[in-house]
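Heads up: the structure comes next, in structure tokens.
There are 2 protein chains.
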Amino acid sequence: MACGHEEEHALAAQRAARNMPAEEDVARVAEIFKSISEPSRLKILFALRHGEMCVYHIVEAVGGTQSAVSHQLRILKAAGIVKARRDGQTIAYSLADEHVVAVLELACTHLHCKI
Amino acid sequence: MACGHEEEHALAAQRAARNMPAEEDVARVAEIFKSISEPSRLKILFALRHGEMCVYHIVEAVGGTQSAVSHQLRILKAAGIVKARRDGQTIAYSLADEHVVAVLELACTHLHCKI
DNA sequence: TCAATATATGAATAACTGTTCATATATTAA
DNA sequence: TTAATATATGAACAGTTATTCATATATTGA
């Protein structure tokens, strides 16, 4: 049970338990990351870095079927990662805010890969 | 097919397609986010913000069984999110680098929630 | 109103994933 | 070496999810 570092580790564990976010907040953060953790959805985000696009053009940029892309866009929109704007017959999608790009770039920095 | 914004959107789509990262790189980034997109694993990360801890204390801080926590630690370690260091009979886990906390905080900024 | 275009969506299936249970490995103390 | 403690792991099951297919909704132009 004890690990020999009672003094340091036990204190950290107590602080951690005391400061653990509520289940609900953890779930919200998890949803954010889950929404950007699928290759098909990540590609959509990489594409939207280059500007607002309608679904047809997103499909052109990332590949796959219109239906699959539409399903993924719904998930990204529900998570607040992208926003949609009707523009006549089409719907233009774009990244919700600058944090999205920042998170992507931070992950790539972590990986030591340039995207 | 055309969406009325051929000029702007088509250009963005072309740039997006041309600059789309390789499948392999997309998969690596996806793995990073997937590893931190599960509530049980997120709790471990929130806990480790307070310092290095052995498995027993992580279990104490986040709840659940030792087996489940161990499985999750393996996933986090494989993704390069946490690192492990044997210390006698126990194994001390800690966050891999400062980027981990930065990504978490950025996500929370996005959510307008303080953790 | 009708036809055409753009996007969304429900259902079904296949693949994936988290947890549990039982057990294995590794380290330390006796 | 043996017992005790700490951690890891394989298998199985349950729950989740991405994609496909077919179809529905919404907008525009004639």
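Protein sequences, first through last, are from chains A and B.
The numbering used here numbers the first residue of the first sequence as 17 and each following residue consecutively.
The numbering used here numbers the first residue of the second sequence as 17 and each following residue consecutively.
Even glycine gets a Cβ: it sits at the ideal position worked out from N, Cα and C.
Fair warning: this is a prediction, and the values are worked out from it, not measured in the lab.
Query raised in the report: Hey, is Arg44/B's beta-carbon within less than 9 Å of any beta-carbon in chain A?
Result: yes
Query raised in the report: When the distance is taken between beta carbons, is Ala118/B closer than 9 Å to Lys99/B?
Result: no
**Report entry** Asp103/B - partner residues in DSSP beta bridges
**Finding:** Thr106/B
Query - Anticipated Cβ contact below 8 Å, Asp45/A with Leu127/B, distance rounded - result: The amino acid at residue 45/A is misidentified as Asp; the sequence shows Val. Going by Cβ atoms, the distance from Val45/A to Leu127/B rounds to 7 Å, so yes, they are a contact pair.
Requested in this report: Would you check if the distance between the CB atom of Glu68/B and the CB atom of Ala28/A is smaller than 9 Å?
Outcome: yes
Query raised in the report: With a cut-off of 9 Å, does the C-beta of Glu76/B fall near any C-beta of chain A?
Result: yes
Report task. Identify each residue in the stretch 85 to 111 of chain B for which the Cβ-Cβ distance to at least one residue of chain A is less than 8 Å, and report them in chain order. Result -> Gly96, Asp103, Gly104, Gln105, Thr106, Ala108
Query raised in the report: Under 9 Å, do Ile52/A and Tyr109/A count as touching if we go by C-beta distance?
Result: no
Query raised in the report: Straight-line CA distance for Cys70/A to Asp103/B?
Result: 54 Å
Report task. Could you confirm whether any beta carbon from chain A is found closer than 9 Å to the beta carbon of Thr125/B? Result -> yes
Query - Local Cβ density within 10 Å of Glu76/B, reported as buried at 16 or more and exposed below that - result: buried
Report task. Spell out the partners DSSP gives Val98/A in its beta bridges. Result -> Leu111/A
Query raised in the report: Helix, strand or coil: which one does DSSP assign to Met17/A?
Result: Caution applies to Met17/A, whose pLDDT of 43 falls short of 50 and renders its modelled position unreliable; the model cannot decide the point.
Query raised in the report: So which of Ile48/B, Gln105/B, Glu40/B, Ala63/B has the shortest CA-CA distance to Val42/A?
Result: Ala63/B
Requested in this report: Determine the DSSP secondary structure at Glu124/A, reduced to helix, strand or coil.
Outcome: Correcting the residue type first, residue 124/A is Cys in the shown sequence and not Glu. Helix at Cys124/A.
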